[in-house]
Amino acid sequence: MKKIYLVTALACCALQPTLAQKQEECKPVNLHCDHLINPLGIDNANPRLSWMLDDARQGARQTAYQIIVSTDSLKANNENGEIWNSGKKESDQILVTYPEKNLQPFTKYYWKVNVWDKDGKKATSDINSFETGMMGMENWQGAWIGDNRDINYKPAPYFRKTFDTQKKVKSARAYIAVAGLYELYINGEKIGNHRLDPLYTRFDRRNFYVTYDVTNQLQKGKNAIGVLLGNGWYNHQSKAVWDFDRAPWRNRPAFCMDLRITYEDGTTEVIRSERDWKTSSGALIFNSIYTAEHYDARLEQKGWNTADFDDSKWKEAGYRAVPSQNVVSQQVQPIRIVETIPAKALKKVNDTTYVFDFARNMSGVTRIKVSGEEGTVVRLKHGERLYDNGRVNMSNIDVYHRPVDDKDPFQTDILILSGKGEDEFMARFNYKGFRYVEVTSNKPVALNQNSLTAYFVHSDVPQKGEINTSNPLVNRLWWATNNAYLSNLMGYPTDCPQREKNGWTGDGHFAIETALYNYDGITVYEKWLADHRDEQQPNGVLPDIIPTGGWGYGTDNGLDWTSTIAIIPWNIYLFYGDSKLLADCYENIKRYVDYVDRTSPSGLTSWGRGDWVPVKSHSSKELTSSVYFYVDTKILANAAKLFNKQEDYKHYQALAEKIRQAINDKYLNRETGIYASGVQTELSVPLMWGIVPKDMKAKVARNLAKKVEEAGFHLDVGVLGAKAILNALSENGEAETAYKVAAQDTYPSWGCWIANGATTLLENWDLNATRDISDNHMMFGEIGGWFYKGLGGIFPDPQQPGFKHILLRPNFPSDLKQFEARHRSPYGEIQSQWERKKKSVVYSVTIPANSSATLYVTDTVKGERVIELEAGKHTFEWKLL
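In the working numbering, each residue's number is its place in the sequence shown (first place is 1) plus 10.
Set out below in structure tokens:
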């Protein structure tokens with residue numbers, strides 16, 4: 011049952027000021043443009059400008075702001091905003107959309123913000139910048155070119171171009187758009203540290219270009235550009251059940267590039283892709299984003315991307331059609347190598363077989379350094395499990411690959427040695443999911459533990475949350491959840507980094523709160539929801555993998571999965587206070603809800619996949635799908651209200667209530683407080699999503715708690731129940747039970763995986779299951795967000811989103827001694843921390859500047875108390891009764 015507390019102490023204190031704050035108590039910091047720092051190549055004519063207030067004083071807030079934008083940094087610094095001066099605005103707003111229509115392409119803009127603090131004192135930010143890119147297809151000068159090969163030709167195409175620069179270069183920008191993947195070189199130097207660029211889109215509807223500052227890479231005199239193209243998802247040569255080899259966009263990789271050089275004398279020159287570029291094959295003889303890469307070191311053309319290379323044997327490039335009429339700037343946190351992981355153990359089976367263990371599951375690539383006789387074939391098989399004999403076992407992940415022969419083995423890189431000393435190889439256009447790597451060769455090679463290095467690769471989203479508790483299992487579970495999330499973030503959220511690499515919609519929205527409490531992922535989700543808009547059919551239907559080559563428009567691609575179209579934009583709005591994504595998707599959500607309304611006029615629907623991979627009990631698919639119909643409709647009504655669409659608001663509010671009533675009329679037994687057959691999912695899903703009548707919540711929650719207690723505080727749910735059960739309990743007076751489930755370490759539970767050595771989340775509760783057994787999956791990932799909510803009590807307020815106002819509902823389960831959650835909101839860091847001290851709990855919370863909070867407390871005299879908190883640090887002590 012719920013613990014009762016008595017408030018006995020309250021203290022408020024200012025945070026200790028930093029040295030900088032002692033000199034200047036308030037300063038606007040963390041300036042972003044479209045949620046990126048000093049971005050290059052933006053296409054958005056009305057970018058969003060945001061900042062944060064660094065002010066540690068109690069009650070700190072912003073009373074006014076002024077934004078200055080100029081093409082000259084000195085002018086901006088001197089308050090001369092010749093491009094835009096917002097004037098002083100009496101507002102606490104920290105996210106402002108640039109309102110003018112005067113931004114020009116290829117232009118760098120400098121901006122700063124002045125703010126006025128709680129005392130009316132002015133403070134000024136440092137100068138930041140953003141730079142526009144093409145801002146329209148008409149500004150491209152280059153042609154789309156390729157190597158004149160067909161889609162089945164396996165070796166990757168290499169391209170090069172030389173040019174002269176005799177004048178002094180002031181600045182240079184490379185703009186490169188690719189259908190497929192690429193690496194860009196100038197004078198032999200690889201440009202940038204992105205991997206798997208450009209990001210995967212529906213290529214026949216939208217393509218990305220990427221912008222680089224290459225000023226320092228150019229040299230006076232002769233220069234060379236090199237471009238290496240990979241297949242990616244554009245030319246999927248591997249066969250699998252998802253039919254990407256038959257995608258409507260499929261073609262040989264191609265690219266378009268403008269190298270725009272501005273000289274000191276003010277003139278501009280554009281080196282552009284044309285037929286005069288040279289092309290050839292090389293050492294990269296096969297690449298597949300899905301399986302692996304094959305590299306023949308004997309075919310290396312040393313210096314192919316340098317100015318002095320002899321390209322007389324290379325051929326002329328050929329023109330290609332533009333893949334789509336929508337080539338736009340990639341303004342997304344890029345995929346990078348984020349962590350280097352050395353091998354933790356090496357088992358030598360014999361002179362031709364070695365098994366490396368990296369002691370953790372991950373997404374990424376490996377780099378091998380090996381010497382051997384010319385022509386020696388080395389194979390690097392990547393997997394998550396081992397056979398009893400210590401060799402790599404891929405049977406749990408190699409289940410959907412459909413090779414036509416033995417030339418494209420799954421997750422197995424192939425390196426053919428040059429025989430000229432040490433060869434080095436790392437896949438460029440592929441990634442894998444693995445913990446172990448088995449290296450075999452057809453002739454003896456000598457390897458040691460340092461011969462193979464792993465690299466954790468994923469979208470490089472900044473971390474914004476942290477959990478620390480007195481329970482090591484909980485700490486490890488939070489860490490493993492984040493490992494699984496990052497392993498499945500590759501410019502879009504995936505289900506797993508090995509078996510499929512698909513953007514399953516359900517997995518994406520089940521984990522959205524975990525994502526946003528822990529990482530700054532808005533740019534990735536804005537990109538992925540644009541993919542949704544590209545994929546949506548005119549009638550409103552979405553596939554359940556996005557992007558897709560056509561697979562996924564089946565019979566089960568329903569509400570419990572494709573509700574991403576509504577749930578993710580709404581959560582972005584809640585966490586960031588930014589309504590742009592919700593506005594961009596508004597008509598798509600409307601079309602989607604209208605489709606379901608047409609096909610399910612009663613308000614009830616069975617369209618969906620149901621409670622996928624349950625422990626044992628099965629739930630009513632009509633109940634759960636109808637709940638998601640309600641959720642989407644309610645979000646649409648809320649969005650209509652936000653955007654002042656009154657007729658829509660009335661219509662969809664009424665529809666939401668109709669759906670809710672239909673669910674309760676059919677499935678709720680008001681006498682018993684049981685939904686449907688009363689299994690855990692059927693009780694928790696209506697509770698979490700607001701279906702249960704207010705006067706019935708406590709009874710339904712108690713029934714759910716009893717059901718969990720009967721199971722020994724174990725789970726009996728699939729993905730829908732896993733999303734809902736902890737929230738349903740902790741938000742309805744049963745936090746003690748919720749924690750016991752979250753901290754459980756025997757089957758079936760999240761903690762059981764950790765207790766058995768998992769370093770990521772699994773796809774199946776049963777460690778001995780024979781199907782659905784990926785060891786790096788995110789569909790059960792809600793628990794990583796629940797720690798912030800169910801224990802830390804940190805919630806965004808829909809009425810003042812972006813944590814402008816924070817709702818605090820912490821819980822203090824008796825089995826946990828200490829807990830701390832930190833979340834870096836758009837306003838600054840929120841900290842919710844508590845510790846048990848004999849017969850009391852000491853709770854402290856930090857509210858960032860320009861924000862406020864409401865703390866909900868239960869005591870023995872007044873029942874639930876509501877305490878309003880201003881910015882600053884607050885400490886309470888509660889006596890336990």
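C-beta: ideal position from N, C-alpha, C; glycine also.
The structure displayed is predicted, hence computed values, not measured ones.
Under 6 Å Cβ to Cβ from residue i, same chain only, skipping five residues before and after it: list those, please.
| i | result |
| --- | --- |
| residue 566 | 619 |
| residue 336 | 216 |
| residue 642 | 573, 576, 603 |
| residue 775 | 625, 758 |
| residue 763 | 772 |
| residue 536 | 591 |
CA-CA distance, residue i and residue j?
| i | j | result |
| --- | --- | --- |
| residue 291 | residue 786 | 35 Å |
| residue 708 | residue 635 | 23 Å |
| residue 57 | residue 531 | 18 Å |
| residue 723 | residue 867 | 26 Å |
| residue 225 | residue 280 | 13 Å |
| residue 228 | residue 221 | 16 Å |
| residue 805 | residue 331 | 49 Å |
| residue 35 | residue 74 | 16 Å |
| residue 610 | residue 541 | 26 Å |
| residue 660 | residue 440 | 49 Å |
| residue 850 | residue 887 | 7 Å |
| residue 823 | residue 857 | 23 Å |
| residue 171 | residue 151 | 16 Å |
| residue 166 | residue 584 | 44 Å |
| residue 113 | residue 491 | 42 Å |
Could you tell me which of the options sits nearest to residue i, measuring between CA atoms?
| i | options | result |
| --- | --- | --- |
| residue 493 | 555, 788, 309, 628 | 788 |
| residue 333 | 155, 377, 317, 601 | 155 |
| residue 148 | 167, 141, 115, 179 | 115 |
| residue 302 | 420, 800, 483, 857 | 420 |
| residue 51 | 126, 40, 124, 146 | 146 |
| residue 710 | 690, 721, 726, 71 | 690 |
| residue 810 | 826, 802, 536, 835 | 835 |
| residue 136 | 70, 102, 794, 47 | 47 |
| residue 44 | 431, 339, 889 | 339 |
| residue 241 | 516, 262, 112 | 262 |
| residue 274 | 818, 209, 177, 208 | 177 |
| residue 67 | 890, 308, 883 | 883 |
Is it the case that the Cβ atoms of residue i and residue j are separated by a distance below 7 Å?
| i | j | result |
| --- | --- | --- |
| residue 649 | residue 596 | yes |
| residue 83 | residue 120 | yes |
| residue 351 | residue 366 | no |
| residue 78 | residue 86 | yes |
| residue 728 | residue 621 | yes |
| residue 364 | residue 457 | yes |
| residue 796 | residue 736 | yes |
| residue 738 | residue 697 | yes |
| residue 179 | residue 271 | yes |
| residue 379 | residue 451 | no |
| residue 164 | residue 296 | yes |
Here's the rule I'm using: 16 or more other beta-carbon atoms within 10 Å means buried, otherwise exposed. How should residue i be labelled?
| i | result |
| --- | --- |
| residue 820 | buried |
| residue 286 | exposed |
| residue 231 | exposed |
| residue 546 | buried |
| residue 397 | exposed |
| residue 808 | exposed |
| residue 521 | buried |
| residue 383 | exposed |
Which same chain residues end up closer than 7 Å to residue i when comparing Cβ atoms and leaving out the 5 residues on each side of it in sequence?
| i | result |
| --- | --- |
| residue 249 | 255, 412, 413, 414 |
| residue 968 | Within the shown structure, residues of the chain are numbered from 11 to 891, placing residue 968 beyond reach of any answer. |
| residue 579 | 539, 591, 592, 595 |
| residue 766 | 777 |
| residue 65 | 35, 36, 127, 859 |
Given the structure, does residue i come close to the ligand GDP, in the sense that its CB is under 6 Å from one of the ligand's heavy atoms?
| i | result |
| --- | --- |
| residue 591 | Ligands displayed in this structure: none; no statement on the ligand GDP is therefore possible. |
Kindly list the residues whose CB is nearer than 8 Å to the CB of residue i, restricted to its own chain and excluding five residues on each side of it in sequence; keep chain order.
| i | result |
| --- | --- |
| residue 534 | 342, 343, 469, 471, 499, 501, 502, 503 |
| residue 669 | 613, 614, 636, 639, 640, 643 |
| residue 359 | 365, 400, 401 |
| residue 875 | 17, 866, 867, 868, 869 |
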